[in-house]
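Residue numbers (this note's numbering): 141 to 240.
Here it is in structure tokens:
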């Protein structure tokens with residue numbers, strides 16, 4: 141019985157290794173296909189008939205307001221919010237109306 145197990149375990153180990161290796165390459169391939177290459181056409185959006193705004197996709201430097209901070213009317217809430225400060229965090233907090 142012990143001799144049979146000592147022959148089966150390396151085979152099972154190899155099969156599992158090859159299956160996991162195949163799965164890893166398959167997932168990485170999907171990730172590489174998701175990234176657009178230079179010269180690729182941009183993906184079609186659901187509202188393809190709407191006029192596109194130049195630079196609308198680039199949000200570099202823009203301040204993002206998370207939906208959790210908005211009330212039912214779409215305005216910033218006046219409620220006190222819980223904030224967490226970490227040690228060594230000496231920067232002054234940024235507010236939506238502040239420039240830069």
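Glycine is no exception: its CB is placed at the ideal position from the N, C-alpha and C atoms.
Here the structure is a predicted model, which means the values were calculated and not measured.
CA-CA distance, residue i and residue j?
i, j, result
"residue 161", "residue 218", "52 Å"
"residue 200", "residue 173", "24 Å"
"residue 165", "residue 148", "26 Å"
"residue 207", "residue 236", "14 Å"
Give the secondary structure of residue i by DSSP, where H, G and I count as helix, E and B as strand, and everything else as coil.
i, result
"residue 152", "helix"
"residue 160", "helix"
"residue 224", "coil"
Excluding five sequence neighbours on each side, which residues of the same chain lie with their C-beta closer than 7 Å to the C-beta of residue i?
i, result
"residue 150", "none"
Taking DSSP's pairing of strands, which residues face residue i in a bridge?
i, result
"residue 216", "210"
Closer than 8 Å by C-beta to residue i: which residues in its own chain qualify, once you throw out the five before and the five after it? Chain order, please.
i, result
"residue 209", "216, 217 and 221"
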